[in-house]
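S.K.: Handing you this structure, nothing more for now.
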Ligand SMILES: Nc1ncnc2c1ncn2[C@@H]1O[C@H](COP(=O)(O)OP(=O)(O)OP(=O)(O)O)[C@@H](O)[C@H]1O
Ligand SMILES: [Mg+2]
């Protein structure tokens, strides 16, 4: 215990904890929305598509994060547009953008001469090198997401549940859905720092699925998954530090462990 | 009577085909129109055009200012595992273009209780929507259509799934509601429809408006509406009973 407390005296560890906390907040809320809408692969699709932007950014020498963010937003809007207007099924659109983004990223990285710094960090997450600017980004995103969800909760819920009915009653369904796409993309890109491209999907999926075991109400699933995600990432982070393991992968193990424990707990409670 | 909705020379359908051709219809305050026609005749397409879910290829739709429409869809393509409670579903019906960012007020919360009690679902307020039976869900969607006190109520086969005793309640309720709102009711139960509606629209590609609730097989034939009315009495649901005996 003292060991853990002494860890807190390290700046890098404090920052990592803060990053894990804020990431849990945004991924818990946005992930619950994504799981409710049954489009969990959207998070996998968007992160992998963002790899394309990263590759282009390395090649042309501008900040990889910017490239990733642009590709993430573009593909998120693209998925929404393709499934609503172009008559392509959402899962197909996701698969197409997922592989296209990876292909673009691989080609541009291949063409980039020399060393590409931080590439492993983007792929697998690198929470111990979180910078103050990352934390500020996460904090701003958390505030905006909490505000949007609490102000527009009813409209978001109603549009996600039955968008045809919502549009007959005059709700701005298109605005709600496209805004949600942008928010999802930004949340995902910010979470890459903690989880890495390969593993972000699980941070958006496991906690809401666990919370959904105990609640059939979106608002409480959002609360629940923030808590579960928080507990999972902090435990994961500490374990990763002590055993010198990659943080993102360790967090997935703890989250999955939590899910299994909660599942057993529920089964016992029902008996 | 004040016209609240009018369709003029509407041609509508889907990318692949025209379903409705040259449709004209006027709905006035106080109307109760039964919409009948064969499967695939275009009844649902007509309602979706009225609701603005599909835009017509040709023709004009005019609605009175701020016309509030309550809608009960025919098939619900909703996701049964969506985390939403009965209360939230009913409340979602109160949102409209000019209040969608507002939280429900006390009167609206009370209205939920009142409607749920009316359809006999007061004990299910916090139940997840996916845990209801088909008929129970249909009742909840009826509440959702009614909570905004619409001036026009559009019902697409509301009697699917619901049992006979609720069906009778439903028809009584519609009769009552009609003093406050115009109603469009799609149904295949022609006998019953004609006993509660004021006029009938036959939809089969085109639309033939029949200004009375009495309709005969001859008239239906003339309207190019290949359905049969089996009326052996005035009691609703007699049709089924006759088949059994
Ligand atoms: N989304 C769609 N895309 C293409 N065609 C459609 C679509 N929905 C309906 N149709 C076609 O339009 C025609 C009219 O369908 P509609 O649903 O309006 O019929 P309906 O009168 O409501 O029938 P039912 O009594 O079975 O409910 C049908 O031939 C149907 O195949
Ligand atoms: Mg229909």
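Residue numbers (this note's numbering), protein chains in the order written: chain Y, 5 to 275; chain H, 1188 to 1432.
From the three backbone atoms N, C-alpha and C, an ideal C-beta is built for every residue, glycine too.
Suppose contacts are defined by Cβ-Cβ distances below 8 Å. Is residue 215 of chain Y in contact with residue 229 of chain Y by that definition?
M.R.: Yes, they are a contact pair.
S.K.: Applying a beta-carbon distance threshold of less than 9 Å, which residues of chain H neighbour residue 183 of chain Y?
M.R.: Under the 9 Å cutoff, chain H gives no residues; its nearest Cβ is about 13 Å from residue 183 of chain Y.
S.K.: From what residue to what residue does the beta strand (DSSP E) around residue 142 of chain Y run?
M.R.: Segment 136-165 is the alpha helix (DSSP H) holding residue 142 of chain Y; no beta strand (DSSP E) there.
S.K.: Quick one: does the C-beta of residue 1385 of chain H sit closer than 7 Å to a heavy atom of ligand 2?
M.R.: Flag unset: Cβ of residue 1385 of chain H not near ligand 2.
S.K.: Please indicate yes or no: does the CB of residue 1325 of chain H lie closer than 7 Å to some heavy atom of ligand 2?
M.R.: No, since every heavy atom of ligand 2 falls outside the 7 Å radius drawn around the Cβ of residue 1325 of chain H.
S.K.: Is it the case that the region 41-49 of chain Y contacts the region 204-215 of chain Y, given that we only count it when at least three CB pairs across the two stretches are under 8 Å?
M.R.: Yes, since at least three Cβ pairs between the region 204-215 of chain Y and the region 41-49 of chain Y fall closer than 8 Å, the two stretches touch.
S.K.: Measure the alpha-carbon distance for residue 1359 of chain H versus residue 1348 of chain H and round it to whole angstroms.
M.R.: Answer to the nearest angstrom: the Cα atoms are 18 Å apart.
S.K.: In terms of residue numbering, what span does the alpha helix (DSSP H) encompassing residue 1196 of chain H cover?
M.R.: Taken as a continuous stretch (DSSP letters only), residue 1196 of chain H belongs to no alpha helix (DSSP H), being part of the beta strand (DSSP E) at 1190-1201.
S.K.: Under 8 Å, do residue 1386 of chain H and residue 1395 of chain H count as touching if we go by C-beta distance?
M.R.: No; because the gap between Cβ atoms is not below 8 Å, this pair is not in contact.
S.K.: Which stretch, first to last residue, makes up the alpha helix (DSSP H) that contains residue 1247 of chain H?
M.R.: Element bounds for residue 1247 of chain H: not the alpha helix (DSSP H) but the beta strand (DSSP E), 1245-1250.
S.K.: If you draw a straight line from the C-alpha of residue 219 of chain Y to the C-alpha of residue 1212 of chain H, how long is it?
M.R.: Approximately 47 Å, taken between the alpha carbons.
S.K.: Once you ignore the five residues that flank residue 1203 of chain H on each side, which residues in its own chain have a CB closer than 6 Å to its CB?
M.R.: Taken in chain order, the list of residues that qualify is empty.
S.K.: Mind checking which residues open and close the beta strand (DSSP E) that includes residue 1213 of chain H?
M.R.: Segment 1204-1215, the beta strand (DSSP E) holding residue 1213 of chain H.
S.K.: Does the distance from the CB of residue 177 of chain Y to the CB of residue 171 of chain Y come in under 8 Å?
M.R.: For residue 177 of chain Y and residue 171 of chain Y, yes; Cβs fall inside 8 Å.
S.K.: Please check if any C-beta of chain H sits within less than 8 Å of the C-beta of residue 88 of chain Y.
M.R.: It does not: the Cβ of residue 88 of chain Y has no partner Cβ on chain H nearer than 8 Å.
S.K.: Three-state secondary structure (DSSP) at residue 1219 of chain H?
M.R.: Residue state, collapsed to three classes: strand.
S.K.: Mapping the DSSP letters down to three states, classify residue 1348 of chain H as helix, strand or coil.
M.R.: Coil, per DSSP.
S.K.: From the beta carbon of residue 1270 of chain H, is the nearest beta carbon of chain Y less than 8 Å away?
M.R.: At least one chain Y Cβ lies under 8 Å of residue 1270 of chain H.
S.K.: Give me the chain Y residues within the contact set of residue 1266 of chain H, using Cβ-Cβ distance strictly less than 7 Å, ordered along the chain.
M.R.: Those are 42, listed as they occur along chain Y.
S.K.: Please output, in chain order, the residues near ligand 1 using a CB cut-off of less than 5 Å to any non-hydrogen atom of the ligand.
M.R.: This criterion selects H:1201, H:1206, H:1226, H:1227, H:1228, H:1229, H:1230, H:1231, H:1232.
S.K.: My assumption, with CB atoms under 8 Å, is that residue 1267 of chain H sits in contact with residue 1317 of chain H. Please give the rounded CB distance.
M.R.: Confirmed, about 4 Å.
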